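K.L.:
Heads up, our numbering is the position in the sequence shown plus 374, with the first residue counted as 1. Attaching a single structure in structure tokens format; questions to follow.
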Amino acid sequence: MSKLYVYPKSGEELCFPLKGKKISMGRSADNDIPMLDPFCSGRHAFIYPSETGYVVRDNASKNGVFLNGERIQSETELRRGDEVLIGSTRIIFDKELSANVEVTERLSATANINTIIHLKEILKKKTDIDTTLKATAAPVDLEKIKSEHKAYSVLSEVSKALILHMPLNELLDQIMNLICENLPMDRGILMIKEGNPVQLIPKVVRINDNRLQKQKIEVSQSIINMSIDKHSSILTSDAQEDTRFKGKESVIKSNIHSAMCVPLWNNKEIIGIIYSDRIYLLEQFSDDDLKLLTLLSNLAAVKIENAKLFEDAIEKEKMEKELTLAAQIQNDFLPKENPSLENFEIAGSNIPCHQVGGDYFDFVAVDPSCLGIVVADVSGKGMSASLLMASLRAALQSEVHPKYKLEEMAAKLNDFVHRSSASNRFITFFYCELNDKSGELRYINAGHNPPMVLDKSGKIQRMESCGFCLGMFPDVKYEARNVTLSLGDVVLLFTDGITESRNKKNEEFGEEKLIDFIRKHSKLSAQMLLEKIHEEFTSFTSGTDQMDDMTLVVIKRVR
């Protein structure tokens with residue numbers, strides 16, 4: 375049975391068995407896992423079974439959900455050992471932490487700060503080391519040469535060991551292995567900045583003395599703050615109190631003989647810290663150890679940054695391939711050709727803003743003399759909008775048959791969308807039945823841009839909304855309305871990507887420009903009208919980026 379191991383920033387840890395059920399997490403007390411965390415939303419996220427295991431989904435929370443350091447955008451598969459960060463609460467999927475680390479602000483006896491050295495002072499050694507080793511002038515400082523030769527050798531060996539790319543989690547493990555090999559310590563922790571709000575998350579913990587395996591590691595917030603805020607490496611011991619730290623939080627709540635805390639500086643920013651201590655090892659850390667750990671941390675931070683960039687590039691390439699495939703699938707959902715009717719010409723098109731989008735149009739044959747026409751717009755853009763659009767298409771296709779009722783179909787679709795999507799997702803939806811013989815057009819408008827009917831005299835009639843957008847509220851009732859189309863009448867169905875397109879002067883294309891254009895070219899066929907409208911707003915928006923999906927359907931009675 376899969377389990378969640380929950381580690382709040384303060385308070386008791388929790389092991390939660392999943393039992394194949396959907397569970398909710400958040401600040402509200404009625405969640406399956408309630409979190410007393412000020413950075414959590416009331417119902418922040420869900421974890422539930424999938425075909426291959428379990429997935430995690432953000433419930434439109436304010437601060438988001440992070441999986442292994444990356445904010446998730448949609449339903450995401452979980453693997454054993456994955457770390458979910460919600461606010462300041464860590465959740466490990468199906469794997470217990472081998473050692474627990476707590477950054478504490480509790481007061482206790484302060485430790486002596488032996489050494490504080492600014493990063494610039496130490497990192498300057500990277501060039502000074504080589505210069506010192508090559509110097510031939512006498513007299514020379516033999517102890518300095520020995521010390522710097524050791525640092526040079528260690529840096530060289532560690533750099534060689536990290537030259538090949540490896541997945542980020544493996545890289546972090548390898549970094550701590552190499553540091554422990556070259557700087558003997560009882561315990562070491564590598565912490566990376568993650569989440570919203572940003573916080574330090576322990577990524578690798580090394581316990582090199584078995585006597586310390588079950589002991590919680592409590593690291594002082596004051597030491598971390600000083601290291602990060604002052605861009606400095608810090609060496610502490612428990613020899614005596616240091617007046618600089620009177621009134622501050624505890625340095626370490628443990629019988630620590632010696633400890634170091636250094637920033638992970640990648641030459642642009644601090645991305646975390648490395649902490650190490652000696653409790654049973656009698657020899658204290660020296661200033662040379664502090665400088666060496668700082669140099670190793672800088673090397674490690676650069677490697678970590680490169681690994682992230684490499685993985686981001688791979689993920690981007692993978693996403694591009696998936697988006698290309700998704701775009702092809704979505705394109706396959708759209709009509710391959712315009713419908714052929716005896717008395718009407720119909721033409722439709724869709725231009726997504728991104729590779730995939732949330733606009734949708736379709737033609738559905740109800741019976742030989744009746745055609746269903748739909749135009750819809752899912753709130754948002756990209757992959758999540760396209761998935762909801764695909765779900766709507768499937769639900770619509772299953773509801774339309776010769777004996778269906780328009781009002782009942784709209785109500786069912788509304789409940790389906792409300793049940794199947796996040797609270798901030800909805801769909802503007804226009805659906806009509808066009809009777810090819812009588813010219814009657816019976817419709818439901820669920821919050822969509824009112825389609826326009828232009829008659830032969832140039833008069834405009836709008837098919838206004840007759841109910842809420844799909845998915846906004848459950849149990850919504852819809853009223854069907856109808857218009858009758860005469861010879862020469864033109865109907866225009868569109869999404870707001872058309873009318874809200876802007877030019878370089880930030881002026882909207884707008885409905886009036888669209889109406890004037892239809893009046894001017896109403897004699898054209900439906901297909902020619904469609905093409906001319908596209909040409910018009912393409913010319914209007916020349917030199918600007920497309921901001922939204924654009925869908926257009928033209929219906930014209932010709933007999």
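All residues carry an ideal CB built from backbone N, CA and C; glycine is no exception. These numbers come from a predicted model, not from an experiment.
Are the region 484–496 and the region 655–670 touching, with three or more C-beta to C-beta distances below 8 Å?
P.N.:
The answer is yes - the region 655–670 touches the region 484–496, with three or more Cβ pairs under 8 Å.
K.L.:
Pick out whichever of 913, 862 and 911 has its Cα sitting closest to the Cα of residue 893.
P.N.:
With distances taken between Cα atoms, residue 893 lies closest to 862.
K.L.:
Which word fits residue 654, buried or exposed, when buried means at least 16 other C-beta atoms lie within 10 angstroms of its C-beta?
P.N.:
Result: exposed.
K.L.:
Between 903, 428, 643 and 604, which has its C-alpha nearest residue 491's C-alpha?
P.N.:
Checking every option, the nearest Cα to that of residue 491 belongs to 604.
K.L.:
From which residue to which residue does the beta strand (DSSP E) around residue 476 run?
P.N.:
475–478 is the extent of the beta strand (DSSP E) around residue 476.
K.L.:
Going by other Cβ atoms of all chains shown within 10 Å of its Cβ, with 16 needed for buried, is residue 788 buried or exposed?
P.N.:
With 16 or more other Cβ atoms within 10 Å, it is buried.
K.L.:
Cutting at 7 Å between CB atoms, please list the residues of its own chain near residue 939, excluding the five before and the five after it.
P.N.:
The structure shown does not extend to residue 939, since the chain is modelled only from 375 to 933, so the question has no answer here.
K.L.:
What residue from 677, 423, 611 and 599 has the CA that sits closest to residue 935's CA?
P.N.:
The structure shown does not extend to residue 935, since the chain is modelled only from 375 through 933, so no value can be given for it.
K.L.:
Quick check on residue 606: does DSSP put it in helix, strand or coil?
P.N.:
Here residue 606 sits in strand by DSSP.
K.L.:
Just the Cα atoms here: how many angstroms apart are residue 852 and residue 816?
P.N.:
About 13 Å.
K.L.:
Taking the alpha-carbon of residue 796 as reference, which of 383, 431, 421 and 423 has the nearest alpha-carbon?
P.N.:
Minimum Cα distance to residue 796 is reached at 431.
K.L.:
Taking C-beta to C-beta, are residue 842 and residue 819 nearer than 8 Å?
P.N.:
Contact: no.
K.L.:
Here's the rule: buried if 16 or more other CB atoms are within 10 angstroms of the residue's CB, otherwise exposed. What is residue 483?
P.N.:
Interpretation of residue 483 is limited by its pLDDT of 36, a score under 50 that renders its predicted location unreliable; no figure is taken from the coordinates.
K.L.:
Quick check on residue 632: buried or exposed, where buried means 16 or more other Cβ atoms within 10 Å of its Cβ?
P.N.:
Result: buried.
K.L.:
What residues are listed by DSSP as bridge partners for residue 467?
P.N.:
In DSSP, residue 467 forms a bridge with 378.
K.L.:
Which partner residues of residue 491 appear in the DSSP bridge assignment?
P.N.:
Answer by DSSP bridge pairing, in chain order: 607.
K.L.:
Under the rule that 16 or more other beta-carbon atoms within 10 Å means buried, what is residue 455, buried or exposed?
P.N.:
Residue 455 comes out exposed.
K.L.:
For residue 924, which of helix, strand or coil comes out of DSSP?
P.N.:
The answer is strand: DSSP assigns residue 924 an E or B state.
K.L.:
Is DSSP giving residue 696 helix, strand or coil here?
P.N.:
Residue 696 falls in the helix class under three-state DSSP.
K.L.:
DSSP three-state call for residue 428: helix, strand or coil?
P.N.:
In this structure, residue 428 counts as strand in the three-state DSSP scheme.
K.L.:
Residue 760 to residue 577, Cα distance in whole Å?
P.N.:
Those two C-alpha atoms are separated by around 35 Å.
K.L.:
For residue 718, write down the residues that DSSP places opposite it in a beta bridge.
P.N.:
BP columns for residue 718 point to 931.
K.L.:
With a threshold of 6 Å on Cβ separation, who are the neighbours of residue 901 within its own chain once the five nearest residues in sequence on each side are excluded?
P.N.:
Cβ neighbours of residue 901 beyond the five flanking positions: 721.
K.L.:
Which of helix, strand or coil does DSSP assign to residue 587?
P.N.:
Note: residue 587 maps to coil in three-state DSSP.
K.L.:
Considering only the beta carbon of each residue, do residue 904 and residue 794 sit closer than 8 Å?
P.N.:
No, they are not a contact pair.
K.L.:
Which of the three DSSP states, helix, strand or coil, is assigned to residue 872?
P.N.:
DSSP places residue 872 in helix when its eight states are reduced to three.
K.L.:
Given this structure, state the Cα-to-Cα distance separating residue 378 from residue 422, to the nearest angstrom.
P.N.:
Between residue 378 and residue 422, the C-alpha separation is close to 12 Å.
K.L.:
When DSSP builds the beta bridges, which residues end up paired with residue 444?
P.N.:
According to DSSP, which records beta bridges pairwise, residue 444 is partnered with 441.
K.L.:
Within this structure, are the beta carbons of residue 556 and residue 528 separated by less than 8 Å?
P.N.:
In this structure, residue 528 lies closer than 8 Å to residue 556 by Cβ.
K.L.:
Please classify residue 532: does DSSP put it in a helix, a strand, or coil?
P.N.:
Looking at residue 532 - three-state DSSP - the assignment turns out to be helix.
K.L.:
Can you tell me which of 426, 642 and 435 puts its alpha carbon nearest to the alpha carbon of residue 419?
P.N.:
Selected option, being the one with the closest Cα: 435.
K.L.:
Distance, Cα to Cα, residue 412 vs residue 461?
P.N.:
Distance between the alpha carbons of residue 412 and residue 461 is about 8 Å.
K.L.:
Please state the DSSP three-state secondary structure of residue 848.
P.N.:
Of the three classes helix, strand and coil, the one that applies to residue 848 here is coil, per DSSP.
K.L.:
Where in the region 860–915 do unbroken runs of the beta strand (DSSP E), each at least 3 residues long, occur, reported from the N-terminal end onward?
P.N.:
You should have 864–868.
K.L.:
In whole angstroms, give me the CA-to-CA distance for residue 854 and residue 921.
P.N.:
When rounded, the distance between both Cα atoms is 32 Å.
K.L.:
Nearest to residue 391 by CA position, among 443, 385, 469 and 383, is which residue?
P.N.:
Minimum Cα distance to residue 391 is reached at 469.
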